[in-house]
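With mature numbering (1 follows the signal peptide of the UniProt record, and there is no 0) as the guide, the letters of the sequence shown map in order to residues -28 to -1, 1 to 386. Input: a single structure, listed below in structure tokens.
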Amino acid sequence: MFDFARSAFISSLSLGIALGVAAPSSFAEPDKQVYEKAEQYKGEALKLLERLVNIDTGTGDEQGLSQVSGIVIEELKKIGARVETYPATAPANGNNVVATFTGTGKGKIFLMAHMDTVFKHGTATAKPFYVKGSRAYGPGVMDDKGGVVAGLYALKILQQLGFKDYAQITLLLNSNEETGSSGSRALIEKVAKQHDVVLNLEPGRAADGLVVWRKGSGTAQVDVVGKAAHAGVAPDSGRNAAMEVAHQVLQLGQLGDREKQTTVNFTVINAGGATNVIPDHATAFGDVRVAVPEEFDRVEKDLAKVSEKKLIPDTQVTTRLTRGFPPMPANPQSEALAAKAQAIYGELGKKLTLEGSGGAADSSLSAGVGIPTLDGFGIVGGGIHTPEEYAEVDSIVPRFYLLTRMLMDLGNRK
């Protein structure tokens, strides 16, 4: 059924650009109540962030994910959320959390964050949360436990202020984003379609920015079947799968397109098991990133075509491309959302930069089903996916303010 309300809302976003919203010459005064609440909750939020960071939640760590979801569910219920859990579909595991707030207004806003991290079990014990200077450190402190905390406290500020001028706000906490959201993709797409707009709580960019576009992700796979032989006695009677896969990696790695921002980078190669045996099997995996969907089709076809050029005769070479997240392109609706965010940040006398990213995220899924989406509303940080990952403590208050005010304006459809 055609959603007239959503259509009107999207049209109003586009109209905002036409009217010059993207570059306001002056900013309104900050909302004093919202800012005071954001400041009030800074210390409390840091303590919650510490609790979450000090629990290992690498994708698939069911015990840790259960602990973190339990903590967050308790906090969400305290502020009036209706909370449901949805088991991730195979092969992922853990529960996805969906918290719903019902108001009296018109706008329907969908917030997303993820509880899982890229870090192995034991990392939280080896490198626990700590604050040094103006930065907080720890596994997942900014990706994406900072986003979880930002979403929770923006909703808490609304609850404390008695603000209900929205139709619905939904917060989804994903348990398996870091491995491609295979266990939550259908849920995310379904829930996104029920809302007017999506704000993803991935980390704010290091330059204090939001993400207006993202590349899509995929995995290229090359399988080679050769013939085993003794590497010293009769190497010529074999067909070296390792040599062939190396050849394929070199030529297929050239399938990127700089002009179209497509990259193909082979990152994993498996071959052989003993130094004195010519390997009869080899496999290579490559990371594929595209800015436009049709590049997936082109790369898939070229993998098959180019791989026909073999180095080792009588080897069998097969290729395939597994598509992950679709691209999240910039569009008039996302640009209008970004302009609104910049105006709100300007209320604090701060400038919000707008960036793109080669990293994929759940925002691509909501954008892929046609819902206006903007990303990067979490706490600002850097060192993502490294032992030095950090969150900027001084970004907590302005980021809480930004997200809360976005929810208010989108809720009452200003």
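We treat Cβ as the ideally placed atom computed from N, Cα and C, and that holds for glycine. This structure is a prediction, so every number in the text was calculated from the model and none was measured.
CB-CB under 6 Å to residue i, same chain, minus the five flanking residues each way: which ones, in chain order?
i, result
"E150", "T31, D88 and V90"
"K128", "I51"
"K165", "V341"
"E161", "L337 and V341"
"T376", "V6, A126 and I129"
Between the Cα of residue i and the Cα atoms of the options, which residue gives the shortest distance?
i, options, result
"Y362", "L20, A98 and G118", "G118"
"D334", "V40, A85, Y13 and S38", "A85"
"K273", "P265, A263 and L293", "L293"
"Y58", "L159, Y7 and D115", "L159"
"V163", "A201, N148 and N68", "N68"
"D195", "M300, L24, D252 and L375", "D252"
"V249", "L346, L144 and G210", "G210"
"L62", "S153, P301, A17 and V55", "Sequence check: residue 62 is Ala here, not Leu. When only C-alpha atoms are compared, the closest one is S153."
"residue 432", "G94, I141 and D33", "The question about residue 432 has no answer here: the residues shown for the chain are numbered -28 through 386."
"L130", "N303, D115 and Q5", "Q5"
"E16", "S156, V25, V121 and P175", "V121"
"E8", "K386, L379 and L320", "L320"
"K322", "L374, G355, T287 and L275", "L374"
"T291", "E266, N303, V271 and L18", "V271"
"A108", "G354, G383, E267 and R371", "G354"
Between which two residues does the beta strand (DSSP E) harbouring residue i extend?
i, result
"R107", "R107 to Y109"
"K14", "K14 -> not in any beta strand (DSSP E); alpha helix (DSSP H) instead, spanning K14 to V25."
"G244", "No beta strand (DSSP E) contains G244, which DSSP labels as neither H nor E."
"P304", "Looking at the DSSP string, P304 is not in any beta strand (DSSP E); the run it does join, the alpha helix (DSSP H), is P304 to G318."
"L173", "Run containing L173: none; DSSP gives neither H nor E here."
"L83", "K80 to H86"
"P344", "Run containing P344: none; DSSP gives neither H nor E here."
Buried or exposed: which applies to residue i, given that a residue is buried once 16 or more other Cβ atoms fall within 10 Å of its Cβ?
i, result
"K312", "buried"
"H167", "buried"
"D366", "exposed"
"E364", "buried"
"G340", "buried"
"E1", "exposed"
"T358", "exposed"
"A263", "buried"
"A(-6)", "For A(-6), the predicted structure reports a pLDDT of 41, less than 50, and the residue's modelled location is therefore unreliable. A value from the coordinates is still provided. With fewer than 16 other Cβ atoms within 10 Å, it is exposed."
"residue 387", "Lying before the first or after the last residue shown, residue 387 is absent from the chain, which here runs from -28 to 386."
"E307", "buried"
"L37", "buried"
"L222", "exposed"
"S106", "exposed"
"G176", "buried"
Tell me the residue span of the alpha helix (DSSP H) that contains residue i.
i, result
"T97", "T95 to A98"
"F268", "E266 to V278"
"K49", "E34 to K50"
"Q131", "K117 to L133"
"D381", "I368 to G383"
"V194", "Run containing V194: none in the alpha helix (DSSP H); it sits in the beta strand (DSSP E), G188 to V197."
"A164", "R157 to A164"
"residue 460", "Since the first residue of the chain shown is -28 and the last is 386, residue 460 is not available in this structure."
"A339", "S335 to G340"
Are the C-beta atoms of residue i and some chain D residue less than 8 Å apart?
i, result
"L326", "Among the protein chains of the structure shown there is no chain D, as only one such chain exists."
Spatial neighbours of residue i within its chain, please: C-beta separation below 7 Å, excluding the five flanking residues on both sides.
i, result
"R23", "I43"
"G331", "R186"
Whose C-beta lies closer than 8 Å to the C-beta of residue i among residues of the same chain, with five residues either side of it excluded?
i, result
"H93", "D28, G30, D33 and G36"
* So does the stretch 214 to 232 actually touch the stretch 274 to 288, counting three or more Cβ pairs closer than 8 Å? -> The stretch 214 to 232 is in contact with the stretch 274 to 288.
* Say whether the stretch 185 to 194 touches the stretch 93 to 104, bearing in mind that this needs 3 or more beta-carbon pairs closer than 8 Å, one atom from each stretch. => They do not touch, by the three-pair rule.
* Can we say the stretch 173 to 187 touches the stretch 326 to 333, given the rule of at least three CB pairs closer than 8 Å? -> Verdict: yes, contact present.
* Could you tell me whether the stretch 198 to 208 touches the stretch 342 to 353, using the rule of 3 or more Cβ pairs below 8 Å? => Judged by Cβ distances under 8 Å, the stretch 198 to 208 makes no contact with the stretch 342 to 353, as fewer than three pairs qualify.
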